[in-house]
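Novice: Quick one: the structure is below, questions incoming.
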Amino acid sequence: MSRIEERFRELKERGEKGLVLYLTAGDPDLETSLELLLCAASSGADVIELGIPFSDPMADGPVIQRAFMRSLGSGFRTKDAFRLVREFRKYFSTPLVLFGYVNPIIAYGPTRFFRDAVRAGVDGILAVDLPLEEWEPFREEAVKSGLDWIGLVAPTSGIERIRLIGKKSSGFIYVISVTGITGMREKLPAEYVKIVKSLRKETSLPVVVGFGISTPEMAQEVASVCDGVVVGSAAVRLVEEHGKNKEKLLRNFSSFVEKMKLGMQNGVV
Amino acid sequence: MKRLRLPDGRGYFGTFGGRFVAETLVPALEELEAAFRESLKDREFSSQLNHLLSEYAGRPTPLYFAENLSSHAGGAKIYLKREDLCHTGAHKINNTVGQGLLALRMGKRRVIAETGAGQHGVATATVCAKLGLTCDVYMGEEDIRRQAINVYKMRLLGARVIPVTSGSRTLKDAMNEAIRDWVSSVRTTHYMIGSTAGPHPYPWMVRHFQSVIGREARSQVLKAEGRLPDALVACVGGGSNALGLFAPFLDDEGVEMFGVEAGGLGLKSGKHAATLSTGRVGVLHGSRSYVIADRDGQVKEVHSISAGLDYPGVGPEHAYLKETGRVTYTSVTDREALSAFHLLARTEGIIPALESAHAVAFGVKLARRLGKGKVIVINLSGRGDKDIDSVREASGA
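So the protein lines, in turn, are chains A and B. Residue numbering for the first sequence follows the numbering used here, beginning at -7 and increasing consecutively. Residue numbering for the second sequence follows the numbering used here, beginning at 1349 and increasing consecutively.
Structure below.
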């Protein structure tokens, strides 16, 4: 059992839901980015999703687009993501997955990318522009290197695709809550409930729902039907707001993560 | 017709192409692919399409022997395939008519598109007006500035032009924004991609709709010369006018083909858009092809005087044709394109689009090199009205 699956098993035993917290590597700069990672882990994030910036993020809304631009603007290189994870691993064993687009992986060389990821202490890969049809040979190489391959399911995915993605993923399954791009929303359509139910029939892997979740109340509502939620843009938004005032950023960020984690549990504890 | 059997079932031309998009879009691409496949077998669809192409878009376009330009070059006979005479002034309408009919067939009443020079935007807005579809066009702010006339035209035609302010504010960013819209609106919206780029089935489908150019040219040149041409020349941004001309000739081994990319201020300057000449293999906008990117795979800003060629990617079939050596890719600079623009205006009384002027610039050099007794066909993909301001600015007039 991988570190990710192990973490979800522990959570389940404790009757808790998992908080998957998204951050962009190198946003707003490498040093602050590391502090944010450490802060996320110490404030209650159960899994970290670390985004590798890309110049043309077609699946992301404005908040994450701007985070990518801040990071790249500060001189971020792909190899810096591994440096960040190595540093993070000196302090925390929190499972960590890399999120990203395939072009930087191709440019780095997929074999080398997955090898360096494992060496740095990465647990899984989430490639947003690799749908099922294009998984191979990337998935095979990643899994061979010892990484989990996290599949994404969308509201538009038919049952046949849901079945295949469920069967071939590892770590957890990421259910995209809305037909849309990343970004905060005030309400989510209930489609994800049906998808989670279909997935339960196909796989015993943890199922996590993401996109649009921005408040503890929303997190709690969504978490009540699945094993965890992803919080992304709402967290990144804090970096944007307080980027220049590091002390305030870390303080607000830490209390945001704590509130999300606590809020999620209220419904189930 | 060996080469025209590509792409394979997964949308690959050799190792190029594919479908690199978010999971949300895959079912829509499958639906589009199925609708397109069915339309290929549907007589009624092809008769509707042919009717619109001839009665509405103005096809067939002439294959014109440019006698004055030929004697100026002093070598091969130069024929121009006059796509500039199509309704809306460029080849783009061939594709939008086809995709417009497909959108109707799929019951999608809203159409979105990206545009660079505005030619595809105008062609999309035109067809949407004709077919009663709602139309939103994404266009980079920088291109809106460069192509004010086309922006106004789109609005006249009832389309909404949405300015894109992210990234380099040109075609690539317009495409990112259109894809983001589509991810959210996919159930009711058809995304009308204007080039042989993007995820499968677009590169294949757009080639199919554009290959009417080459089919006509092939029979026209046979009629005029009694033989096939020695060479074909077309400009390449995403690559739709080039593939439209090339595709029906791909298995005619004696016909050489040249794709002309935007050399901007020169390949060494770093300010150009010559993707096949200088790029690396990667994934942009849904397919595996060549991309102008840095060593980390971050896509770079590119430059061309012509907004339609100002794109850091290129259609995957072109990558395949480069790799197999079937087509030779080269580039000409902004300056060469500008002087070809003036040359064609003065010698033949034809004002070409700056995109097409790239093909003319190389075509004249090629005609000289091939010498007398040879025949070449240049795709004059669009007319230059939209570029008058840019040319005036660049000429310091």
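A virtual CB, placed ideally from N, CA and C, is assigned to each residue, including glycine. Only a predicted model underlies this, so the values are computations on that prediction, with no experimental measurement involved.
#1: Can you list, in chain order, the residues of its chain with a C-beta nearer than 6 Å to that of B:ALA1705? Leave out the 5 residues immediately preceding and following it.
#2: Under 8 Å, do B:VAL1485 and B:VAL1509 count as touching if we go by C-beta distance?
#3: Shortest alpha-carbon distance to B:GLY1488 belongs to which of B:GLY1446, B:GLU1392, B:LYS1456 and B:GLU1649?
#4: Chain A partners of B:LEU1632, CB-CB under 7 Å?
#5: Let me check understanding here. Comparing Cα to Cα, which of B:ARG1683, B:HIS1633 and B:ALA1582 lies closest to B:PRO1664?
#6: With respect to the alpha helix (DSSP H) encompassing A:VAL231, which residues constitute its N-terminal and C-terminal limits?
#7: Are B:ARG1731 and B:PRO1700 touching if we call contact CB-CB under 8 Å?
#8: Among A:LEU29, A:VAL228 and A:ASP121, whose alpha-carbon lies nearest the alpha-carbon of A:SER38?
#9: Report buried or exposed for B:THR1672, applying the criterion of at least 16 other Cβ atoms within 10 angstroms of its Cβ.
#10: Rounding to the nearest angstrom, what Cα-Cα distance links A:ALA99 and B:GLU1371 in this structure?
#11: Quick check: the stretch 1736 to 1744 of chain B against the stretch 1434 to 1452 of chain B, are at least 3 beta-carbon pairs closer than 8 Å?
#12: Measuring only the C-alpha atoms, how far is A:PHE248 from A:LYS240?
#13: Check for me: the beta strand (DSSP E) holding B:ASN1727 runs from which residue to which?
#14: For A:ASN237, does the count of other Cβ atoms within 10 angstroms reach 16, so buried, or fall short, so exposed?
#15: Which one of B:SER1419, B:LYS1429 and B:GLY1423 has the shortest CA to CA distance from B:ALA1590?
#16: Please report the residue range of the alpha helix (DSSP H) in which A:ASP108 lies.
#17: Quick one, which of A:ILE151, A:GLU178, A:LEU64 and A:GLY101 has its alpha-carbon nearest A:LEU191's?
#18: Would A:ALA59 be called buried (16 or more neighbouring beta carbons within 10 Å of its own) or exposed?
#19: Given that a residue counts as buried once 16 or more other Cβ atoms are within 10 Å of its Cβ, and exposed if not, what is B:MET1605?
#20: Can you grab the Cα-Cα spacing for the pair B:PHE1710 / B:SER1729, in whole Å?
#21: I need the boundaries of the alpha helix (DSSP H) containing A:THR24, first residue and last residue.
#22: Classify B:ILE1492 as helix, strand or coil using the three-state DSSP reduction.
#23: Note down the Cα distance separating B:ALA1610 from A:ARG62, rounded to an integer number of angstroms.
#24: Taking buried to mean at least 16 other C-beta atoms within 10 Å of its own C-beta, is B:TYR1500 buried or exposed?
#25: Excluding the 5 residues flanking B:LYS1670 on each side, which residues of the same chain have their C-beta closer than 6 Å to its C-beta?
#26: Buried or exposed: where does A:GLY220 fall if 16 or more other Cβ atoms within 10 Å of its Cβ makes it buried?
#27: Do three or more CB pairs link the stretch 1450 to 1464 of chain B to the stretch 1398 to 1412 of chain B at distances below 8 Å?
#28: For chain A, check one thing: does any of its Cβ atoms lie closer than 8 Å to the Cβ of B:SER1514?
#29: Under 7 Å, CB to CB, which of the residues in the stretch 107 to 131 of chain A have a partner in chain B?
#30: Return the CA-CA distance between A:ARG(-1) and B:HIS1439, expressed in angstroms with no decimal places.
#31: Give a yes or no on whether the C-beta atoms belonging to B:PRO1660 and B:ALA1707 are separated by under 8 Å.
#32: With a Cβ-Cβ cutoff of 8 Å, do B:HIS1548 and B:PRO1355 count as a contact?
#33: Leaving out five residues before and five after B:PHE1557 in sequence, what residues of the same chain have Cβ atoms less than 6 Å from its Cβ?
#34: Could you run through the stretch 1354 to 1366 of chain B and flag, in chain order, every residue whose CB is less than 9 Å away from some CB of chain A?
#35: Consider the Cβ of B:VAL1369: report whether some Cβ of chain A lies at a distance smaller than 8 Å.
#36: Should the stretch 169 to 186 of chain A be regarded as contacting the stretch 48 to 55 of chain A, the criterion being three or more beta carbon pairs within less than 8 Å?
Specialist: Considering the structure as presented:
#1: So the qualifying residues of the chain are ALA1685, ALA1688 and PHE1689.
#2: yes
#3: B:GLU1649
#4: ASP48 and ASN95
#5: B:HIS1633
#6: 225 to 234
#7: Cβ distance < 8 Å, so B:ARG1731 and B:PRO1700 count as in contact.
#8: For clarity, residue 38 of chain A is Asp in the given sequence; the question names Ser instead. Of the listed residues, the one whose Cα sits closest to A:ASP38 is A:LEU29.
#9: exposed
#10: 22 Å
#11: no
#12: 12 Å
#13: 1723 to 1728
#14: exposed
#15: B:LYS1429
#16: Membership of A:ASP108 in the alpha helix (DSSP H) is indicated by the continuous run 102 to 112.
#17: A:ILE151
#18: buried
#19: Around the beta carbon of B:MET1605, 16 or more other beta carbons lie within 10 angstroms, which makes this residue buried.
#20: In this structure, the alpha-carbon of B:PHE1710 lies about 14 Å from that of B:SER1729.
#21: Note, A:THR24: alpha helix (DSSP H), 22 to 34.
#22: Look at B:ILE1492 here: in three-state DSSP terms it is helix.
#23: 30 Å
#24: exposed
#25: LEU1624 and TYR1677
#26: buried
#27: At 8 Å Cβ cutoff, the stretches do not touch.
#28: yes
#29: VAL120, ASP121, LEU122, PRO123, GLU125 and GLU126
#30: 57 Å
#31: The answer is no: Cβ separation not under 8 Å.
#32: yes
#33: ASN1442, ASN1443 and GLY1446
#34: ARG1358, GLY1359 and GLY1366
#35: yes
#36: yes
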